[in-house]
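*Asks:* Position in the sequence shown (first residue = 1) + 305 = the numbering used here. Dropping a structure here in structure tokens format, bear with me for questions.
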Amino acid sequence: MSVVNHRKRLSSGLSVTSKVFVRSRNGGALKIVREHYLRNDIPCYSLACTECQHIIKPDASGELPKFILSSTPAKTIDKKPHYVVLDTNIVLHAIDLLENTQVFYDVIVPQTVLEEVKNRSFPIYQRLRNLVKLEDKRFIVFHNEYNEATYINRNKNESINDRNDRAIRKVVSWYKGHLPKIEIVYVCNDADNRNKAKADGLNVKSLLEYMEILPNGEDLKDLIPTDFSRTDLEKGYDETSFPEYYSNARIMAGIKNGTLYQGILNISTYNYLQGEVNIPAFKKPLLIQGSKNLNRAFNSDSVIVELLPKDKWKEPSTTIIEETAIGSNDNADDGDDDEVNGPTGASRGIISDKERLLLAQEAMKTTRGSGGSGDEKRLQPTAKIVGIMRRSWRYYVGQIAPSSVNAEDTGNTAKSCFVILMDKTLPKIRIRTRKAKEYLGQRIVVVVDSWPSDSKYPNGHFVRALGDVESAEAETEALLLEHDVEYRPFSKNVLDCLPKEGDNWVVPDITNTTDKQLQKRVDLRDKLVCSIDPPNCVDIDDALHAQKLPNGNFEVGVHIADVTHFVKAGTALDQEGASRGTSTYLVDKRIDMLPMLLGTNLCSLKPFVDRFAFSVIWEVDAEANIINVKFMKSIIKSRQAFSYEQAQARIDDATQKDELTESMRILLRLSKKLKQKRIDAGALNLASPEVKVYMDSETSDPQEVEIKKLLETNSLVEEFMLFANISVARKIYDAYPQTAMLRRHAAPPATNFETLNDMLNVRKNGLSISLESSKALADSLDRCIDPTDPYFNTLIRIMSTRCMMAAEYFPSGSYGYPEFRHYGLAVDIYTHFTSPIRRYCDVVAHRQLAGAIGYENLDLSHRDKHKMEMIVKNINKRHRNAQFAGRASIEYYVGQVMRNNESEQEGYVIKSFNNGIVVLVPKFGVEALIKLDSMGDVNSASYDEDKYELKFVDFEGKNRTVGVFDKVKVDVKSIKDEVSGKRKVHLVLK
306 MSVVNHRKRL
316 SSGLSVTSKV
326 FVRSRNGGAL
336 KIVREHYLRN
346 DIPCYSLACT
356 ECQHIIKPDA
366 SGELPKFILS
376 STPAKTIDKK
386 PHYVVLDTNI
396 VLHAIDLLEN
406 TQVFYDVIVP
416 QTVLEEVKNR
426 SFPIYQRLRN
436 LVKLEDKRFI
446 VFHNEYNEAT
456 YINRNKNESI
466 NDRNDRAIRK
476 VVSWYKGHLP
486 KIEIVYVCND
496 ADNRNKAKAD
506 GLNVKSLLEY
516 MEILPNGEDL
526 KDLIPTDFSR
536 TDLEKGYDET
546 SFPEYYSNAR
556 IMAGIKNGTL
566 YQGILNISTY
576 NYLQGEVNIP
586 AFKKPLLIQG
596 SKNLNRAFNS
606 DSVIVELLPK
616 DKWKEPSTTI
626 IEETAIGSND
636 NADDGDDDEV
646 NGPTGASRGI
656 ISDKERLLLA
666 QEAMKTTRGS
676 GGSGDEKRLQ
686 PTAKIVGIMR
696 RSWRYYVGQI
706 APSSVNAEDT
716 GNTAKSCFVI
726 LMDKTLPKIR
736 IRTRKAKEYL
746 GQRIVVVVDS
756 WPSDSKYPNG
766 HFVRALGDVE
776 SAEAETEALL
786 LEHDVEYRPF
796 SKNVLDCLPK
806 EGDNWVVPDI
816 TNTTDKQLQK
826 RVDLRDKLVC
836 SIDPPNCVDI
846 DDALHAQKLP
856 NGNFEVGVHI
866 ADVTHFVKAG
876 TALDQEGASR
886 GTSTYLVDKR
896 IDMLPMLLGT
906 NLCSLKPFVD
916 RFAFSVIWEV
926 DAEANIINVK
936 FMKSIIKSRQ
946 AFSYEQAQAR
956 IDDATQKDEL
966 TESMRILLRL
976 SKKLKQKRID
986 AGALNLASPE
996 VKVYMDSETS
1006 DPQEVEIKKL
1016 LETNSLVEEF
1026 MLFANISVAR
1036 KIYDAYPQTA
1046 MLRRHAAPPA
1056 TNFETLNDML
1066 NVRKNGLSIS
1076 LESSKALADS
1086 LDRCIDPTDP
1096 YFNTLIRIMS
1106 TRCMMAAEYF
1116 PSGSYGYPEF
1126 RHYGLAVDIY
1136 THFTSPIRRY
1146 CDVVAHRQLA
1156 GAIGYENLDL
1166 SHRDKHKMEM
1176 IVKNINKRHR
1186 NAQFAGRASI
1196 EYYVGQVMRN
1206 NESEQEGYVI
1216 KSFNNGIVVL
1226 VPKFGVEALI
1236 KLDSMGDVNS
1246 ASYDEDKYEL
1256 KFVDFEGKNR
1266 TVGVFDKVKV
1276 DVKSIKDEVS
1286 GKRKVHLVLK
């Protein structure tokens, strides 16, 4: 194959560069010509330039491009105004520094850099695009690959990387000549590229060198990634060694021939040196034990594992090992990684002699064939991590460990210290900072830069401080960052998509309009529509109506806020909603998926005003069997907005005979029919320890906690929302069999219930949970009763919930129809349609339903299988993160309520270890670990794995035995963990 480059000028003023390939195949020659068009009217986007003002042309929309690089940019310490040109490695490794509000303004991003970043990290690419959209930061993309003056061909024998480096240097050189009065600083951390730039006479700086020429640069050095600034963290520094990861070629070959496997690592909540990886080829998860086998992997990393020989398979550890208890006095400049010759690899001299003995005993728990004493049913295949396919690294929140800060150090030199993270499954992170003493007692944000094989801990750098530990603002922001919830205000681009009338927007008159879309809407304002929601709900996204028909059947309608009337596919508003995926509900606030104007006004189905809706209307008989169903875009006018309590009181009040009340009574009767049908089909009635935290209306301080009470009206709304979701799922699947937005819930594998069933068999006289079908499971849960304890059945339902698979969104083409089934609801097909204000899945379902009924054409993004897979991957992640953030918020505020309210409560043992137990306290919906050393004499303890019992002598000298399902008395109070700074519920066994 030969390549010849040509360039010629066109009559239009453009030029075209051509690459001519001659390829020989089977004796014949094939000539391939690829043309790349170049322009001479691409501006520099600088307000200091008058030349480019005359060459620009309007874009496709008729608008002129904006010039945003300042005419008076920031000056360096030698008083020179300057622009910055970024290299790819700076964007990839220092994106959080680029986002910092104190530095990096008037930045030129060459198109070459943008494309390299997109190819190497799409999340960072999205963050870079967001920076370009922020007008106050003044980032511009310069399309050098289409500019006649800056485009370069690739030389013979030149690598693509070297050609791209040369292209970026060309951009710097062009700006230098084009804007001689402004200094052009090229920031690059590639030493070879810097040397070549210096040879070309360019002003090039490393990231550290650039900080040094800024007036405020000294204060920002802590934010430089350690890979760019480490001076005393060189090879061999920590005097430890992890196995090197396998090469990509070896990994690919191993996966292909079945000797290596890929999966997501899940670190144990109770033992940070033990993890599991679920692999479909194995019935049980692969067990990863010990720091060497975990090999620098973080919780949720996508890892490559290699199976260990069968004689090294083990039982999961029954010893609680917490990272904060190990090496808590480590100095960041010391290294000692001697390990116990056991399954966890805990550091010597840190754990007790009793715990060391327990670890040594566990090391013997291998197969009987190898002489161990292991129990075959508990035995799991073990593996080691040999590669990382994708890191889960993100922003982490923690606090600096006081023991790692030298109190006598008064210098201004950056020193190493440790940050203990809020997430106890993660290791501490070493950072370098000049302000360690200043940040003590504060929540700080850090990122991980690297974890070399010769370093005991990962290296990272400081990003910013959030505020004092335990302050509500800092803790709330911390939990949002910890769970990767986007909480920044909506950008101007997003808000510009909203109606200009704002709060004054009203539904147009559809009786006198030429708008063809409005003409398709059905006027349902005569229906007795009402909404039933939690108290003080402002984002009302669903309403209902019912009436008896002349033929004896019933008309029932579910009306959902028509969000997609305002959120059009492909707009900035739609992209923001797709990125956020869901609203997040905290105790004290709501983080919206869409701007508040939509949720609380334009889309909210408030009473007494006209609103656009998407309606599902059924005709059903007295047994709630569907006679027919219709879908339509509509206009409704809600008669009333009820809370659950208000609706229940009105239904129960026999003196109320009005039509609206009778409508709700019809809905209640039919909802009971629907619920019974689901139960008969095998729907599960599971449970979770949900509580509500009441806040003071004036101070917003948490006042009390109570278990949520559910009324019949809660069930009424739930049943009709399920009814609508099922009907919509069938309709959109019929219309779009490859890309319909659906939700599935897989049946749990039997191994998920092995431990719970063994506990029931041993501790509760042979009770068990059946898994032949969801119906069998539901019936067996009903049989799990302790006549002496009414709460026991609820406890088993809570524990069963934790054994279930997680429900997930998926495009219909990803699975065969039998796998669409929603196990928990016992239905063959399901979606989410009823909450588009707060869930992006519902927005997609609305668009697909609108397409299915011929209301409007469906956007390509929801007809393309690959794009739909990207959408569901993100919303599954965002949905899960929002749930965890909500629970963390409740946990924090429950802790605040209990700071000064110590009380004695009943609890239930739900887990047992050889050095502790986990107790659930139903009244507060909290669970906590009680370590053996706080219950009695550690050396007197013995643990019976077969009976799930821990025996010990308490501090009063009494013999005690506690086991799973035991009801116990505990003192409940709230304490602050001095190591992590996290306040948590603390239980003391009575």
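No residue lacks a Cβ here, since even glycine has one placed at the ideal position from N, Cα and C.
How would you call Gly269, buried or exposed, if buried means at least 16 neighbouring beta carbons within 10 angstroms?
*Replies:* One cannot answer for residue 269 here, as it falls past the ends of the chain, which runs 306 to 1295.
*Asks:* In this structure, does DSSP put Trp698 in helix, strand or coil?
*Replies:* Residue state, collapsed to three classes: coil.
*Asks:* Buried or exposed: where does Met898 fall if 16 or more other Cβ atoms within 10 Å of its Cβ makes it buried?
*Replies:* Classification for Met898: buried.
*Asks:* Pull the bridge partners of Leu512 from the DSSP assignment, please.
*Replies:* Note: Leu512 sits in no beta bridge, so no partner.
*Asks:* What residue range is occupied by the uninterrupted beta strand (DSSP E) comprising Pro1116?
*Replies:* It spans Glu1113 to Pro1116 - the beta strand (DSSP E) in which Pro1116 sits, taken as one unbroken run.
*Asks:* Are there three or more Cβ pairs, one per stretch, closer than 8 angstroms when the stretch 1057-1065 is compared with the stretch 1128-1136?
*Replies:* No contact exists between the stretch 1057-1065 and the stretch 1128-1136.
*Asks:* Under a three-way DSSP split, which group does Glu1211 fall into?
*Replies:* The answer is strand: DSSP assigns Glu1211 an E or B state.
*Asks:* Considering only their Cβ atoms, is the gap separating Gly692 from Ile584 smaller than 8 angstroms?
*Replies:* Contact: no.
*Asks:* Scan the stretch 405-472 and note each continuous alpha helix (DSSP H) run of 4 residues or more that stays entirely inside, going in chain order.
*Replies:* Taking only runs of at least 4 residues, the alpha helix (DSSP H) segments lying wholly in the stretch 405-472 are 416-425 and 427-438.
*Asks:* With burial defined as no fewer than 16 other Cβ atoms inside 10 Å of the residue's Cβ, what is the status of Thr406: buried or exposed?
*Replies:* By the 10 Å Cβ count, Thr406 comes out exposed.
*Asks:* Helix, strand or coil for Asp831, going by three-state DSSP, please let me know.
*Replies:* In this structure, Asp831 counts as coil in the three-state DSSP scheme.
*Asks:* With 16 other CB atoms within 10 Å as the buried threshold, where does Gly1159 fall?
*Replies:* Exposed.
*Asks:* Could you tell me the alpha carbon to alpha carbon distance between Tyr388 and Thr624, rounded to whole angstroms?
*Replies:* If I take the Cα positions, the gap works out to 57 angstroms.
*Asks:* Should the stretch 417-433 be called in touch with the stretch 781-791, which here means at least 3 C-beta pairs below 8 angstroms?
*Replies:* These segments do not touch.
*Asks:* Can you give the beta carbon distance from Phe1257 to Met1240, rounded, assuming they're within the 8 angstroms contact cut?
*Replies:* Contact holds; Cβ gap of about 6 angstroms.
*Asks:* Indicate the three-state DSSP secondary structure (helix, strand or coil) for Gly522 in the structure shown.
*Replies:* In this structure, Gly522 counts as helix in the three-state DSSP scheme.
*Asks:* Compute the Euclidean distance between the alpha carbons of Leu731 and Val934, then round it to the nearest angstrom.
*Replies:* So the two alpha carbons sit approximately 51 angstroms from each other.
*Asks:* Buried or exposed, going by whether 16 or more other CB atoms sit within 10 Å of the CB of Ile931?
*Replies:* Answer is exposed; the Cβ neighbour count stays below 16.
*Asks:* Could you give the C-beta distance for Val1269 and Val1277, rounded to a whole number, given that I count them as a contact under 8 angstroms?
*Replies:* About 20 angstroms separates the two Cβ atoms, so there is no contact after all.
*Asks:* Return the CA-CA distance between Leu902 and Asp1147, expressed in angstroms with no decimal places.
*Replies:* Distance between the alpha carbons of Leu902 and Asp1147 is about 18 angstroms.
*Asks:* What residues are listed by DSSP as bridge partners for Ala504?
*Replies:* DSSP lists no partner for Ala504.
*Asks:* Rounded C-beta distance between Ser836 and Ser943? I'm assuming under 8 angstroms.
*Replies:* Contact flag correct, Cβ pair sits at about 6 angstroms.
*Asks:* Tell me which same chain residues have a C-beta within less than 7 angstroms of the C-beta of Glu881, skipping the five on either side of it?
*Replies:* These residues qualify, in order along the chain: Phe795 and Val799.
*Asks:* Can you pull the DSSP bridge partners for Ala688?
*Replies:* Per DSSP, Leu612.
*Asks:* Within 10 Å of its beta-carbon, does His1151 have 16 or more other beta-carbons around it, so buried, or fewer, so exposed?
*Replies:* Classification of His1151: buried, given that the 10 Å Cβ count is 16 or more.
*Asks:* Using 8 angstroms as the limit for Cβ to Cβ distance, is Asn553 near chain E?
*Replies:* Chain labels in this structure do not include chain E; a single protein chain is all it has.
*Asks:* What's the gap between the Cα of Leu484 and the Cα of Glu340?
*Replies:* Leu484 and Glu340: Cα-Cα distance of roughly 31 angstroms.
*Asks:* Which residues in the same chain as Leu391 place their Cβ atom closer than 7 angstroms to its Cβ, once the five residues preceding and following it in sequence are excluded?
*Replies:* If we look at Leu391 and ignore the five residues flanking it on each side, its Cβ neighbours are Val412, Val414, Val418 and Val492.
*Asks:* By how many angstroms is the C-alpha of Lys597 removed from the C-alpha of Ser1247?
*Replies:* The alpha-carbon atoms of Ser1247 and Lys597 are separated by roughly 29 angstroms.
*Asks:* Does the stretch 1104-1117 come close enough to the stretch 811-822 to have 3 or more Cβ pairs within less than 8 angstroms?
*Replies:* The stretch 1104-1117 vs the stretch 811-822: no contact.
*Asks:* Spatial neighbours of Trp756 within its chain, please: CB distance less than 6 angstroms, with the 5 preceding and 5 following residues excluded, ordered by chain position.
*Replies:* Arg601 and Pro763.
*Asks:* For a test of your reading of the model: does the CB of Trp698 fall under 7 angstroms from any non-hydrogen atom of the ligand COA? Yes or no.
*Replies:* As presented, the structure is devoid of all ligands, the ligand COA included, so that no description of it is given.
*Asks:* Cβ of Leu565 within 8 angstroms of Cβ of Gly580?
*Replies:* Their beta carbons are not under 8 angstroms apart, which means Leu565 does not touch Gly580 by this criterion.
*Asks:* Could you pull the DSSP bridge partners for Val1243 from this structure?
*Replies:* For Val1243, which the question treats as bridged, DSSP gives no partner whatsoever.
*Asks:* Do Tyr1198 and Val702 come within 8 angstroms of each other at the CB atom, strictly closer than that value?
*Replies:* Against a cut-off of 8 angstroms, the Cβ pair of Tyr1198 and Val702 comes out as no contact.
*Asks:* What residue does the beta strand (DSSP E) around Thr738 start on, and which one ends it?
*Replies:* Where Thr738 is concerned, the enclosing beta strand (DSSP E) stretches over Ile734 to Thr738.
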